[in-house]
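For reference, the structure discussed in these notes is given below.
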Amino acid sequence: MDSFTGKLAVVTGGGSGIGRELVRQLAAQGCSVAACDINEEAVAQAAAKAEAVAPPGVRVTAHACDVADEAQVLRFRDELLEQHASDHVDLVFSNAGIGGGGSFVTDSRAEWERTFAIDWWGVYYCARAFVPLLIASGDGVLVNTSSVNGFWAALGPGMPNNAYSTAKFAVRGFSEALIEDLRTNAPQVRVAVVMPGHVGTDIVANTLRARGLPAPEAMTDAQVEELVPAEARAKLISAGLLPEGASADHVRQMVVRMATDFREKAPLSAADAATIILDGVRAGAWRILVGEDAKKLDAAVRGKPEAAYDYAELFSTLTGGDPAPSGPATDA
Ligand SMILES: NC(=O)c1ccc[n+]([C@@H]2O[C@H](COP(=O)([O-])OP(=O)(O)OC[C@H]3O[C@@H](n4cnc5c(N)ncnc54)[C@H](O)[C@@H]3O)[C@@H](O)[C@H]2O)c1
0 MDSFTGKLAV VTGGGSGIGR ELVRQLAAQG CSVAACDINE EAVAQAAAKA EAVAPPGVRV
60 TAHACDVADE AQVLRFRDEL LEQHASDHVD LVFSNAGIGG GGSFVTDSRA EWERTFAIDW
120 WGVYYCARAF VPLLIASGDG VLVNTSSVNG FWAALGPGMP NNAYSTAKFA VRGFSEALIE
180 DLRTNAPQVR VAVVMPGHVG TDIVANTLRA RGLPAPEAMT DAQVEELVPA EARAKLISAG
240 LLPEGASADH VRQMVVRMAT DFREKAPLSA ADAATIILDG VRAGAWRILV GEDAKKLDAA
300 VRGKPEAAYD YAELFSTLTG GDPAPSGPAT DA
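Heads up: the sequence shown runs through residues 0 to 331, numbered per numbering that gives the first Met the number 0.
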């Protein structure tokens, strides 16, 4: 596929960040898009803006859908086929995702399973729903978003990333297993797996929303306590991230700061990430690393897998010999 013009693409999580940029750039390149999100208002706005700058004839539709719920994914599929008057789709970007469920030991089982359900089952349900429609296209591409946490299962010292990494490893494994499966059984479809490093988006705030929490400023004391229980607060105090005797307001401010820093201090913007993904898909790549941080981490982990969680050694490899003061600030 050397051009997206005249094609029909599906983008999940199209209301924000990398997904919103994929919708915009695909539409600008003459590709009709069906975008879904759990945030109905955000995806409606993203679709309207993308259609406004697209060449004539390009349609961008917005759909409410929780990808972790198979019935909603099937409804999204039926809705988009009807609205685009199509019997196939050409591209599927399984991009929707959230962070969370960092610890298997201390985080709630509900949080772990919600993160895993969106990040893994969402990708699986979309593949079940859309691979037959990619086969019907005659020239289809399935693009699944994993992460650097699909090959490296931590964020750094004291920062486990359990549910997210488990799901992202599954996405990478599933996508790589599809390479030979599709080659053998449906050669008119190919698969690509996307592994971004740190990209400046609102994933921290959107993760709270996907867990049913309001913006940090509007959280009740009970919600703050649920988000950062006493035990976790004590660890943050000893790490110097919260002051001694930190109040609920201190925690609220810390969460706002984390969300802002994640977006503002990233080495790559969502727009640049989407361009790298689309260039990779057009070029026929099956493995799309997004960002220099992702490329370096990939090389370090592949070069010395047994040192992947020996942070002093890993960071020294990443920085070319200089010990890094903190972990590679990648991912949600
Ligand atoms: N930002 C990064 O640094 C980074 C790094 C590696 C991987 N990723 C992955 O890239 C993808 C996009 O992330 P982003 O950074 O653009 O985040 P984002 O929060 O800006 O966008 C994700 C979108 O997905 C939507 N979403 C969440 N749960 C959903 C669900 N159940 N059903 C439908 N939509 C849902 C959100 O509402 C949001 O609009 C995710 O899969 C994420 O894990 C991001």
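Here a beta-carbon is modelled for each residue, glycine too, at the ideal position from N, C-alpha and C.
Presumed contact (8 Å Cβ cut-off) between residue i and residue j, rounded CB distance
| i | j | result |
| --- | --- | --- |
| Thr-144 | Gly-96 | 6 Å |
| Pro-195 | Gly-283 | Not a contact, Cβ separation roughly 19 Å. |
| Ala-204 | Ala-258 | 5 Å |
| Val-9 | Leu-90 | 7 Å |
| Gly-199 | Glu-263 | 7 Å |
| Gly-137 | Gln-187 | 5 Å |
| Val-255 | Leu-241 | Wrong, their Cβ atoms sit about 13 Å apart, outside the cutoff. |
| Trp-151 | Ala-307 | 6 Å |
| Ala-26 | Glu-50 | 6 Å |
| Leu-177 | Ser-85 | In fact, because the Cβ distance is near 23 Å, the residues do not count as touching under 8 Å. |
| Leu-317 | Ala-299 | 6 Å |
| Ala-238 | Asp-220 | Going by Cβ atoms, the distance from Ala-238 to Asp-220 rounds to 22 Å, so no, they are not a contact pair. |
Proximity test, residue i beta-carbon vs ligand 1 heavy atom, cut-off 6 Å
| i | result |
| --- | --- |
| Thr-144 | yes |
| Ser-363 | No information on residue 363 is available, as it lies outside the stretch 0 to 331 that the chain covers here. |
| Gly-279 | no |
| Gly-100 | no |
| Asp-248 | no |
| Pro-195 | yes |
| Ile-97 | yes |
| Ile-117 | yes |
| Ile-276 | no |
| Asp-220 | no |
| Ala-209 | yes |
| Gly-290 | no |
| Ile-37 | yes |
| Thr-200 | yes |
| Gly-155 | no |
| Val-66 | yes |
| Ile-17 | yes |
| Gly-319 | no |
| Gly-172 | no |
| Gly-149 | no |
| Asn-205 | yes |
| Asn-161 | no |
| Gly-14 | yes |
| Asn-184 | no |
Sequence-distant residues of the same chain with beta carbon closer than 6 Å to residue i, five excluded per side
| i | result |
| --- | --- |
| Ser-174 | Asn-143, Val-190, Val-192 |
| Gly-14 | Asp-36, Asn-38, Ala-41, Val-42, Ala-45 |
| Arg-76 | Ala-128 |
| Thr-4 | Gly-29 |
| Ser-268 | Gly-199 |
| Leu-235 | Leu-241 |
| Ala-33 | Val-9, Thr-60, Leu-79 |
Own chain partners of residue i with C-beta closer than 7 Å, once the 5 adjacent residues on each side are dropped
| i | result |
| --- | --- |
| Val-72 | Cys-64, Val-66, Tyr-124, Cys-125, Ala-128 |
| Ala-166 | Thr-114, Phe-115, Asp-118, Trp-119 |
| Val-104 | none |
| Pro-159 | Gly-101, Ser-102, Ala-153 |
| Pro-54 | Gly-29 |
| Asp-1 | Arg-281 |
| Leu-313 | Ala-299, Ala-306, Ala-307 |
Beta-carbon contacts of residue i that lie in its chain and below 8 Å, excluding the five residues immediately before and after
| i | result |
| --- | --- |
| Gly-12 | Gly-18, Cys-35, Asp-36, Val-66, Asn-94, Ala-95, Gly-96 |
| Gln-222 | Leu-212, Pro-213 |
| Lys-286 | In the sequence under discussion, the amino acid at residue 286 is Arg, which differs from the Lys named in the question. Result list for Arg-286: Ala-191, Val-192, Met-194, in chain order. |
| Ala-273 | Ile-17, Glu-20, Leu-21, Arg-23, Gln-24 |
| Glu-110 | Gly-99, Gly-100, Ala-162, Arg-210 |
| Asn-184 | none |
| Glu-243 | Ile-236 |
Complete runs of the alpha helix (DSSP H) confined to the region 157-197 [at least 4 residues]
Fully contained in the region 157-197 are the following alpha helix (DSSP H) runs of length 4 or more, in chain order: 161-184.
Could you pull out every unbroken beta strand (DSSP E) segment of at least 3 residues lying fully inside the region 64-128, listed in chain order?
Annotation: the region 64-128 contains the following complete segments of the beta strand (DSSP E) (minimum length 3 residues), in chain order: 90-93.
If you scan the region 263-328 from start to end, which runs of the alpha helix (DSSP H) of 4 or more residues do you find wholly inside it?
Taken in chain order, the whole alpha helix (DSSP H) runs of length 4 or more contained in the region 263-328 are 269-282, 291-302, 310-317.
Would you list, in sequence order, the uninterrupted beta strand (DSSP E) runs of no fewer than 3 residues that lie entirely inside the region 206-231?
Taking only runs of at least 3 residues, no beta strand (DSSP E) segment lies wholly in the region 206-231.
In chain order, what are the residue ranges of uninterrupted alpha helix (DSSP H) at least 4 long that sit wholly in the region 6-60?
Within the region 6-60, the complete alpha helix (DSSP H) runs of at least 4 residues are 16-27, 39-51.
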